[in-house]
Amino acid sequence: MKKNKLSCKDDNEGGFFLLVSKLLLPTLREVPAEAEVVSHQLLVRAGFIRKSAAGVYTLLPLAWRVVKKIENIIREEMDSRDGQEIMMPIIQPAELWQESGRWDVYGPELFRFKDRHGRDFCLGPTHEEIITDLVRGEVRSYKQLPLLLYQIQNKYRDERRPRFGLMRGREFIMKDLYSFDRDEDGLEITYQKMFDAYTRIFSRCGLRFRPVEADSGAIGGSDTHEFMVLAESGEAVVVYCPSDSCGYAANDEKAESPVEIEVGQQDQRPLSRVETPGTRTVEQVTEFLGISPKKLIKTIFYQTEKGLVAALVRGDRDINEVKLKKEVGSLELELANPQRVEEVTGSSVGFVGPIGIKDTLLVVDQEVAGLVNAVAGANQVDNHLVDINPGRDFSLDRTADIRLVKAGDPCPLCGKALLEARGIEVGQVFKLGTKYSSALNAVYSDQNGQELPIVMGCYGIGVTRTMAASIEQNNDENGIVWPVSIAPYQVVVIPVNIKNIDQQTMASRVYNKLLATGIEAVMDDRDERPGVKFKDADLVGYPVRVTVGGKAVSSGMLEVSIRKKGDIEMIAEDEIVRMISDFINKESS
RNA sequence: CGGGAUGUAGCGCAGUUUGGCUAGCGCGCCUGCCUUGGGAGCAGGAGGCCGGGGGUUCGAAUCCCUCCAUCCCGACCA
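Residue numbers (my numbering): 16 to 604.
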């Protein structure tokens, strides 16, 4: 065995593997074909992750270090707000899920399996059932509340479509904290505490993000905010008010906007039918009739487990399916197929309207309800009805806000035109209320000896997703640009020519000084040409690079470059540790 | 789950249309020489159930059937 000639810490003393020659850091020159988004490409190319199955990855040493750094930031913020860390099982018995009612409603996303005795289990996608079961057994008195428990754990969701590497995996690491309070006031305090903690956590991780109002979805509950990392590759759309003093921001699934009211009262004219040959789209109809899309009623049919639903929005609007689903109270909601539409309307898509359809629940958007002398399909091919008046010509029994808010719509708080952006959801805070405590009978006795359901909240952070989101925001054409706070290592030391004894000695000396100061550094001791090591350093994204070449040996001045800035500074050897620690302290404060 | 695409060496790809000898190229890997400030050069070498199964054929990476996997676009979620 050739012994490495460098005199720095290696596995022989202290168990450290800080030499790049010994690190499992398989960088690739070419972009992997299956990676689409930049975080996925760079994670694979820079040697951070490898795929095991769709949506399932091994985290290699550097990725694992980043994850641990993010986790530790989370731990500090949770612990300082009275969170207590526990570890709950991944394997969960079906009985608990049946008790909460979610075994039947969670659907195919739940990884289900049987043990050898044929008993049903699942891999935990979330832990409300387990934690509520724990707490109902252990908490009896108001004196034990509030109680905040959290864990950082693998979670499993058999996603319809795993995507974008770590962004949407089927196995992923998540922090989830569950809060247990005596009442709504207590929950409000805890919710605010967690909201603040999340703001701290994502700031400390060096992310540009925005908390937005959101829909609570399958988990249930009332108030909820999502923390969105702003990035083009984000799967969510958020709308927000340009005014800082207003601050309104919401997921587009949740966003609201004031009803637009037509100015100038008109008299209701009698309903009549006109021929509109070949006009199936909003554009075609409005052009043919010479009207604004705002006068058109768009009728969209949805199939739900509760039957067929016809949703009505104005021609210039889109339907917000989340709002519609909520209004109908259905679990399943998808566009009805054309044949089904023909059965109910006697017509075909493009000429359907709300008048004269049977066996269908009519849900009318507020804006449609306010229209006068509007236009819609006549349920007869090549025909439309004009001068339709909602309420007179069809029922307004189910009128609701079911439209999708978009950029340019007025802010519901201050009226300014809203803006739109894409975001990656890295965290969400929920007020659950008593949904799970009631279902699972988690109760406590108050001062008067009265039994009350515990009031719950839950607060999640996608840890592995946060790592990916950080790369989405922090990269350039050469690779990753880690924020110091979560970088796998803070510094890489590169001797230009490893066979030059003077460079080697100087590099080792500097490297050991950095380690002695507690700075996390690696030494690229590989016998590679300098270009290879520079390229890899940029790709991996170390915040600081120290280069030791011939000039350094002769002048005593080392080259320090900051990845984020890209420029090079010459620093005297005596100054280098102080300079780098100053930089690290400044960046991570 | 619907729509589209792709599976050939560790990675990136060609070859498939029109079946034909021993399946190619670049990168990476191993050995040696040489080189050392932005992914060098020369020489030699290893590495393939051409996604699986079935069929057609004298003969299949190539044609047909079928299954599987992966990726992308739409409905769910941290």
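For every residue, glycine included, the Cβ atom is placed at its ideal position computed from N, Cα and C.
- Contact between Val297 and Leu286 is absent: CB atoms are separated by about 20 Å, not below the 8 Å threshold.
- Contact between Ile599 and Val563 fails: their C-beta atoms lie close to 20 Å from each other, not under 8 Å.
- Between Val356 and Val343, the C-beta spacing is not below 8 Å.
- Listed in chain order, the alpha helix (DSSP H) runs fully inside the region 48-96 are 53-60 and 76-94, counting runs of at least 4 residues.
- Around the C-beta of Leu346, fewer than 16 other C-beta atoms lie within 10 Å, and the residue is accordingly described as exposed.
- Ranked by Cα distance from Ile105, the options Asn169, Leu111 and Asn87 are led by Asn169.
- Counting only residues of its own chain and dropping the five nearest sequence neighbours on each side, Ser67 has a CB closer than 8 Å to the CB of Thr73.
- Using a Cβ distance threshold of 8 Å, Val506 and Ala536 count as a contacting pair.
- DSSP, reduced to helix, strand and coil, places Pro257 outside both helices and strands of the structure shown, so it counts as coil.
- For Arg151, there is no enclosing beta strand (DSSP E); the enclosing alpha helix (DSSP H) covers residues Glu143 to Glu153.
- Given a length threshold of 3 residues, each whole run of the beta strand (DSSP E) inside the region 494-578 is given here in chain order: 506-510, 536-538, 559-563 and 572-577.
- With respect to Gly201, Val470 sits close: the two C-beta atoms are nearer than 8 Å.
- Contact annotation: Val35 and Pro47 have beta-carbon atoms that are not nearer than 8 Å.
- Contact between the region 210-223 and the region 391-406 is absent, with fewer than three C-beta pairs closer than 8 Å.
- Under the three-state reduction of DSSP, Asn600 is assigned to helix.
- Per DSSP, Leu447 lies in no alpha helix (DSSP H) segment; the continuous beta strand (DSSP E) that holds it begins and ends at Leu434 to Gly448.
- For Ile188, the beta-bridge partners assigned by DSSP are Asn169.
- Ala264 sits in a strand when the DSSP states are folded into three classes.
- For Glu199, the enclosing alpha helix (DSSP H) starts and ends at Glu199 to Arg219.
- Taking C-beta atoms under 8 Å as the contact rule, Glu440 and Ala251 qualify, at a distance of about 6 Å.
- The region 138-158 and the region 75-85 do not touch, with fewer than three beta-carbon pairs separated by less than 8 Å.
- Per DSSP, reduced to three states, the secondary structure at Pro108 is strand.
- CA-CA distance, Gln488 to Gly581, rounds to 17 Å.
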